[in-house]
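Since the structure comes first, as structure tokens, the remarks are kept for the end.
Protein chains: 2
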Amino acid sequence: MIETILRHRSIRKYKSDSIDDGLLYRILEAGTRASTTGNMQVYSMVVTREESLRKQLWETHFKQDMVLQAPVHITFCADFNRFNKWCRLRKADPGFDNYLSFFTAAIDALLVSQNVALAAEANGLGICYLGTATYMADRIIEILDLPECVVPVAALVIGYPDEDPDLTDRLPLGGVVHHEKYSDYSEKDIDRIYAEKEALPETAALLEENRKETLAQVFTDNRYTRRDNIHFSKQYLDVIRRQGFLKNN
Amino acid sequence: MIETILRHRSIRKYKSDSIDDGLLYRILEAGTRASTTGNMQVYSMVVTREESLRKQLWETHFKQDMVLQAPVHITFCADFNRFNKWCRLRKADPGFDNYLSFFTAAIDALLVSQNVALAAEANGLGICYLGTATYMADRIIEILDLPECVVPVAALVIGYPDEDPDLTDRLPLGGVVHHEKYSDYSEKDIDRIYAEKEALPETAALLEENRKETLAQVFTDNRYTRRDNIHFSKQYLDVIRRQGFLKNN
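Okay, here's the thing in structure tokens:
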């Protein structure tokens, strides 16, 4: 088990081989065993395999090749729609049209997604998370017909790997773990924590390719700019509001 | 691997046995192998073992006994503090003081938490998520000294189980999975999806104990009331704002 976790790499090239239905259902079933708040299971998994729909999703997810290649695309959604309907049919008055309920449902959906990712990897499949699921939530809602109280929070592609990449680097464990309380970082701490990452050959290549002086600038100026972050923040908050989760906030 | 996932039960009674440091570090290391947006690792794990601090956390987490019993308490935080400091020390201007950045960091932290939960379970330990981590975020920030740009999103207790509960029920897989697109639920669908849960002996016991006509009413009137949800929504959004993640929204 720990072996599967330790071996994780995101896979960005896939064979066209489809995934057996029985295997896919076992993987989805594994998803449903994740902890969920009050056992409410306020999430949904939308499993998209049809090529024309995957093509629409590919356009939405910034046209990353792997989205077209991988045979299975799963969108994990915070979902109070089903639970609300159940309440209304059972003479109960649901009070879940607020931010806490959205976040609770998002937690449910994200824990499920990680179970699905690991169950897939344990069966020889490769996966890649698509960060674009939150950036492009409004468009995903249209493509997948998501009703009120349903918001996409993550997406995965799954398929048989057509590459065998190395593990990616991680910060030293001490850089992300705090003992007892949070101990804030000094300048020396930051230097030590990022030293290995900054010394990687990949970093030198990135600096040259992006014509930047520091790796941090590649993140702030090229990959995750303030302007994009503000734009997508507004869009995602609009989506959360439009789907009915900010009525009392 | 799938076996560990399928066997998950939340453990609410713990032995007082401590967890070996080496084992704990391997479990935390497994956490860091989770996918993270752009490999930024914008999360922190605060590992609390000291009894006096765990007592403060126990009070915060609605005085659930297991929080006092379990030897290890981990608070998973969305954390842009470390990344922002790195950027500023490397002549880069971080633009992460917005909602998208909070949510991105929350996703990172939650995927890490599920890896940690499964790695612990694979090693014979029991875990329980504490939903109260979001409700009581303001108090947790005080207890653990969390600085700006750090927000708790989940908490786990970990320890050796002192009970062996059955698996809890789940809705049928077809109730939470949609094929191709989302297919909204009819009244009949809802009846079918919730039939098994409503027929459980535990449900009959809950109805009697809570003097309610339907299980849904136990959720809406007793467990997750509109009034509490609105209260905790305001508090959590205040925390997200106060920690510096809603500056442009």
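As you go down the protein sequences, you meet chains A and B in turn.
The first sequence begins at 1481 in the numbering used here and counts up by one.
The second sequence begins at 1481 in the numbering used here and counts up by one.
Where a beta carbon is used, it is the ideal one built from N, C-alpha and C, also for glycine.
All of these numbers come straight from a predicted model, not from anything done at the bench.
As the crow flies, the alpha-carbon of Tyr-1609 (chain A) is around 42 Å from that of Lys-1692 (chain B).
The C-beta of Val-1552 (chain B) comes no closer than 9 Å to any C-beta of chain A. Neighbours of Val-1526 (chain B) in chain A, taken as residues whose beta carbon is under 9 Å from its own, are Val-1657, His-1658, His-1659, Glu-1660, Lys-1661 and Tyr-1662 in chain order.
Short of 7 Å from the beta carbon of Ile-1491 (chain A), and not among the five residues preceding or following it, lie these beta carbons of its own chain, in chain order: Gly-1606, Ile-1607, Cys-1608, Pro-1641 and Glu-1643. The alpha-carbon of Gly-1575 (chain A) is positioned some 21 Å away from that of Val-1633 (chain B). Within the segment 1625-1662 of chain B, the complete beta strand (DSSP E) segments of 3 residues or longer fall at 1630-1639 and 1657-1659, listed in chain order. Against chain A, the CB of Tyr-1523 (chain B) has a partner CB under 9 Å away; the residue lies at that interface. DSSP, reduced to helix, strand and coil, places Ser-1593 (chain A) within a helical segment of the structure shown. Taking C-beta separations shorter than 7 Å and ignoring five residues to either side along the sequence, the partners of Val-1596 (chain A) in its chain run Ile-1507, Leu-1508, Ala-1510, Gly-1511, Ile-1554 and Leu-1636, following chain order.
Shown here, Phe-1712 (chain A) sits in a helix according to DSSP, grouped into three states.
Remark: C-beta atoms of Phe-1725 (chain A) and Cys-1567 (chain A) do not approach each other more closely than 9 Å. Asp-1718 (chain B) sits in a helix when the DSSP states are folded into three classes.
Fewer than three Cβ pairs drawn from the segment 1530-1544 of chain A and the segment 1677-1691 of chain B lie within less than 8 Å of each other, which leaves the two stretches out of contact. A distance of 9 Å or more separates the beta carbons of Asp-1577 (chain B) and Val-1522 (chain B). Neighbourhood of His-1488 (chain A) in chain B, by CB distance below 8 Å: Arg-1513, Ala-1514 and Ser-1515, in chain order. Taking 9 Å as the threshold, the shortest C-beta distance from Pro-1681 (chain A) to chain B does not fall below it.
Cβ-Cβ distances below 7 Å link Thr-1484 (chain B) to Leu-1598, Glu-1601 and Ala-1602 in the same chain, with the five nearest sequence neighbours on each side left out; the list follows chain order. Taking 9 Å as the cut-off, the Cβ atoms of Phe-1563 (chain B) and Ser-1593 (chain B) do not count as close. Close partners of Ala-1510 (chain B) in chain A (Cβ separation under 8 Å): Ile-1482, Ile-1485 and Leu-1486.
The Cβ-Cβ distance between Arg-1529 (chain A) and His-1659 (chain B) falls below 9 Å.
Per DSSP, the continuous beta strand (DSSP E) segment holding Ser-1524 (chain A) begins and ends at 1523-1528. Contact note: Pro-1641 (chain B) does not reach chain A at a C-beta cutoff of 9 Å; the least C-beta distance is about 15 Å. When DSSP reads this structure, Ser-1490 (chain B) sits in a beta bridge with B:Ile-1607. In this structure, DSSP gives Asp-1559 (chain A) an extended state, which the three-state scheme calls strand. Listed by position along chain B, the residues whose Cβ is nearer than 8 Å to that of Ile-1670 (chain A) are Arg-1562, Lys-1565, Trp-1566 and Leu-1569. Judged by DSSP secondary structure, Glu-1693 (chain A) falls outside any alpha helix (DSSP H); it is assigned neither H nor E.
Residue state for Ile-1499 (chain B) is assigned as coil, using DSSP reduced to three classes.
Excluding sequence positions up to five before and after Asp-1588 (chain A), its CB lies within less than 8 Å of the CB of Ala-1514, Thr-1516, Thr-1517, Met-1520, Gln-1521, Val-1522, Tyr-1523 and Ala-1558, all in the same chain and listed in chain order. Straight-line spacing of the CA atoms in Leu-1647 (chain B) and Gly-1604 (chain B) works out to 16 Å. Beta-carbon to beta-carbon, Leu-1624 (chain A) and Tyr-1662 (chain B) are separated by about 5 Å, close enough to satisfy the 8 Å threshold. Thr-1612 (chain B) and His-1488 (chain B) have their alpha carbons spaced roughly 20 Å apart. Proximity of Met-1616 (chain A) to chain B, defined by a Cβ-Cβ separation below 9 Å, is not satisfied.
For Pro-1652 (chain B), the closest C-alpha among the options B:Phe-1583, B:Gly-1639 and B:Arg-1672 is that of B:Arg-1672.
Taking a Cβ-Cβ cut-off of 7 Å, the neighbours of Tyr-1505 (chain B) in chain A comprise Leu-1653, given in sequence order.
From the beta-carbon of Met-1546 (chain B), no residue of chain A is found nearer than 7 Å; the closest lies around 13 Å away.
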